Amino acid sequence: MLVCLALIAAQLIWMGVFLARLDEQDIRDGWMLLFYNLALVDAIMLPLTVAVLASRNGEAEHRGMTFKLLETLITPARLYAAKLCWGALMLCALLTLRTALFIALGAGLHFAGGVPWGTWALFTLISWAVSMMVYALQQALSLRFANQAVALIVGLCGSFAGLLSMLFPMWVQRCMPWGYYGLLLLVGMNWNETTHVTTFFWRTPLALDVGLLVLWSAAFLVAGFALFMRKEE
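What the sequence shown shows, in the working numbering, is residues 13 to 245, in sequence order.
This is the structure:
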């Protein structure tokens, strides 16, 4: 829980500094600005946070052959599923609390148009789904390797990849699991080179990208479970 609270605190500070500089026009586009920049912050912070959560969830059992002891009481499949469910619940609690705080922040700043409840629900669901896809990868690494540096290095690289992927074409983002925080954005941005004016607009994620997210998740789940079943100690 401390890791989750630390992430929320970091995001609130980051976005608080950004929102404090908004002018009148920005306030009118406040909700879109918030969604767009929050997705950017997620791409930077969530991959490493997810890696830390998965590592904490799996590292203790590597000591004293605890996995073998647990498997005298429960099947490997149920053990793997239990750890996956724990991660799902932690991420759900984290993102739900984060959403509530940012809704309160936007309402307190009097963003135009009222609170877009449906968009917030969809944004939270997307953030959770992408984070669970990354969590499936990180859990596989954390349970397979006793040295948690392997999983944490992948998570750190994922944070860089998630940010950099937003600077590349969509086909590049589709090839990076961490790029889906930006790929499934609910807000688009246009920048006019002549006037130097930036405009934001609502967008709907492509069905192709949602399907690819499901495929990535399934691949990590199957591969992670297969590696766990072959684990000898």
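Virtual Cβ for every residue (Gly too), placed ideally from N, Cα, C.
Note that the structure is predicted; figures quoted are calculated from it, not measured.
In the three-state reduction of the DSSP assignment, M44 falls in the helix class, which pools H, G and I. Spanning the alpha carbons of A94 and A100 requires a straight line of approximately 10 Å.
Contact between the region 27-45 and the region 121-134 is established, with three or more Cβ pairs separated by less than 8 Å. The Cβ-Cβ distance between G167 and Y193 does not fall below 7 Å. Between the alpha carbons of V53 and Q23 lies a gap of roughly 7 Å. With three or more CB-CB distances shorter than 8 Å, the region 227-236 counts as touching the region 134-148.
Taking every protein chain shown into account, the CB of A152 has 16 or more other CB atoms within 10 angstroms, so this residue is buried. The bridge partners DSSP lists for W214 are V199. In its chain, beyond the 5 residues on either side, F47 and L198 have a beta carbon closer than 7 Å to the beta carbon of F135. Note that the C-beta distance between L107 and S139 is below 7 Å.
Taken through DSSP and simplified to helix, strand or coil, A148 comes out as helix.
Within a 10 Å sphere around the beta-carbon of V64 sit 16 or more other beta-carbons, which makes this residue buried.
Annotated three-state conformation of F123 is coil, per DSSP. Shown here for A163: same chain residues with a beta carbon closer than 7 Å to its own, the five before and five after excluded, namely A63, A66, S67, Q150, L153, S154 and F157 in chain order.
Proximity to N159 across P88, C97, G70 and M102 peaks at G70, based on C-alpha coordinates. With contacts defined as CB atoms closer than 7 Å, Q185 and L195 qualify as a contacting pair. Beta-carbon to beta-carbon, M57 and L19 are separated by about 6 Å, close enough to satisfy the 8 Å threshold.
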